[in-house]
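Structure record follows, encoded as structure tokens.
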Amino acid sequence: MKSRYVFPRHTKADLPIAVGGDGCYLIDAEGKRYLDACGGAAVSCLGHSDPDVVAAIQKQVGEMAYAHTAFFTSGPTEALAEKLVSLAPEGIERIYFVSGGSEAMEAAIKLARQYFLEIGEPERKHVIARWQSYHGNTIGALSAGGNRWRREQFSPFMVEAMHHVSPCRAWRDKHEGESDEAYGDRLAAELEVKILELGPETVAAFLAEPVVGATMGAVPPVAGYFKKIKNMCDRYGILLVLDEVMCGMGRTGTLFACEQDDVVPDMIAIAKGLGAGYQPIGALMVSGKIYDAIEAGTGFFQHGHTYLGHSVATAGALAVLDKISSPGMLANVRKMGALLMDRLQHTFGQHPNVGDIRGRGLFIGMEFVADCASKSAFAPEKKLAAKLKAAGMVNGLMCYPMSGTVDGEHGDHLLLAPPFIIDETHVEEIVSKLEKSLATALAQ
Ligand code: PMP
């Protein structure tokens, strides 16, 4: 149907109407079933019809839907914060609930600034992030993000205090014969150059996604990269903020992606999988050090939104977290992730237009190329990723496309991030439908 929904994502597209969900499938008004191989945008980690999450939300909305956090806290909000802290890396002690990923990252940027004001280092006003990253679409988060295509038309609004260094993107950027160790050292050295250029005493925070999501499919770092980055941050007293909005909440096979990099950041932003699509919710997880400085100083965080700690959202997220952290769920993410990766490598590993398949757990990216030897991207006009998404929908498969930027910077990618509840039959269905859809898209 032609959508009259205000500012739909694709104004000219005929979108099917979603009317139902059944496990890993979404169902449209015609009764057609779509296997959700991307969880929307790595959101629907428990599929679309989890009865326990639905019941928790219904109960809470019936009991007490909303109480402004200036006046009250609530049972589910406190319980969710408690549980997140108990599962978080050591040192993370406080949680700030917001409504999504951009809000979590905006809060992180502002909290970093306030922290340094509280401890008497007001000159710390710069933030360093990475090119080819995405931290959200609000002005602060967009300025921190390094996706040129998303930033371009808003360039007059981009915040000057945000700076960028290279991402960790081994398949494209690691030199011939360079070890992971040497590549990580090179990137940490680049960060140091940027810190010294800005003045070490003027940098507040370094922001990064442990596994890059929305700009390049999934791209994990090389081993040791984040330890080197953390050491660099520590050397200059800079806060490390990890954006786990997409890669967190079990997506990579551990509750927090950074567990696999063996680093403990000062803040972690989460969203997407926290509400699993049943409720809009995000959170900023904060170290005791930062919280204590605010408490001892001003006494409050100079920030806020109307729906902070919304009790229906936190009740839903608590039910989601109970499931994600239950025995077997993350083991299934690791098992199915390994199987999916194996089946993709087997099916597409020798494909002339599949340059790279990479990821962690059930967070897998594919990068398409016109030519494997030179790694050259398809022309942006070919719109390969968009065509692949469209062919997937025809075949009853949802997969998340990322197409070339205006300057052709990162070409065509695909993100696979299916629900954690998938089994072997779903993996086979993803791979066979993807094979068929890619053939269609390439032939167009
Ligand atoms: N950070 C990352 C890493 C993301 O992937 C996203 C969403 N794609 C955001 C932040 C922004 O989240 P939201 O769309 O919920 O505002």
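When we follow numbering that gives the first Met the number 0, the leftmost residue of the sequence shown carries the number 0, and every step to the right adds one. Using N, Cα and C, we set each Cβ at its ideal position, and we do this for glycine too. Just so you know, these numbers come straight off a predicted model, no measurement behind them.
Quick check on residue i: does DSSP put it in helix, strand or coil?
i	result
Ala384	helix
Leu307	coil
Ser142	helix
Tyr133	coil
Val18	strand
Phe347	helix
Ile429	helix
Val405	Low confidence applies to Val405: its pLDDT is 37, below 50, so where it sits in the model is not reliable, and the reading given next is rough at best. If DSSP states are grouped into helix, strand and coil, Val405 belongs with coil.
Ala203	strand
Ala318	helix
Phe71	coil
Phe367	strand
Val60	helix
Val53	helix
Asp172	helix
Pro379	helix
Pro88	coil
Leu45	coil
Please determine whether the Cβ atom of residue i lies at a distance below 7 Å from any heavy atom of the ligand PMP.
i	result
Ala295	no
Asp242	yes
His309	no
Gly281	yes
Asn136	yes
Ser402	no
Ala312	no
Tyr235	no
Met245	yes
Ala217	no
Gly95	Residue identity check: residue 95 is Tyr in the sequence provided, not Gly. No, the ligand PMP has no heavy atom inside 7 Å of this Cβ.
Gly272	no
Glu208	yes
Gly315	no
Met104	yes
Tyr133	yes
Which whole-angstrom value is the C-beta distance of residue i and residue j, which I expect to be below 8 Å?
i	j	result
Val368	Gly354	4 Å
Ile267	Tyr114	Rounded, the Cβ-Cβ distance is 15 Å, inconsistent with contact.
Cys257	Pro199	About 24 Å; that fails the 8 Å criterion.
Gly410	Glu366	7 Å
Ala207	Arg147	No, Ala207 and Arg147 are not in contact; Cβ-Cβ is about 17 Å, not under 8 Å.
Leu79	Leu317	4 Å
Does the Cβ-Cβ distance between residue i and residue j come in under 8 Å?
i	j	result
Asp172	Gly223	no
Leu455	Ala41	With the chain covering 0 to 443 only, the question about residue 455 has no answer from this structure.
His304	Val97	yes
Pro418	Cys44	yes
Gly281	Ala103	yes
Gly216	Gly364	yes
Ala106	Leu283	yes
Ser431	Gly391	no
Ile56	Tyr277	yes
Met335	Leu361	yes
Ile429	Leu25	no
Gln59	Ala314	yes
Lys193	Val164	yes
For a cutoff of 8 Å on Cβ pairs, would you count residue i as touching chain B?
i	result
Met63	Included in the structure is just one protein chain, with no chain B present.
Under 7 Å from any heavy atom of the ligand MN, does the C-beta of residue i make it?
i	result
Ser101	The ligand MN is absent from the structure shown, which contains only the ligand PMP.
Quiz item: Taking one C-beta from the segment 281 to 295 and one from the segment 48 to 66 each time, how about it: are there three or more such pairs within less than 8 Å?
Solution: Not touching, per the Cβ criterion.
Exercise. Mind the definition here: the segment 150 to 169 touches the segment 115 to 123 only if three or more C-beta pairs lie below 8 Å; say whether that holds.
Key: Contact annotation: the segment 150 to 169 does not touch the segment 115 to 123, with fewer than three C-beta pairs closer than 8 Å.
Exercise. Count the C-beta pairs between the segment 135 to 145 and the segment 302 to 316 that are closer than 8 Å, then say yes if the count reaches three, no if not.
Key: No, they do not touch.
Self-check item: the segment 230 to 241 contacting the segment 182 to 194, beta-carbon criterion three pairs below 8 Å
Solution: Contact check between the segment 230 to 241 and the segment 182 to 194: three or more CB pairs, one atom from each, fall below 8 Å, which counts as touching.
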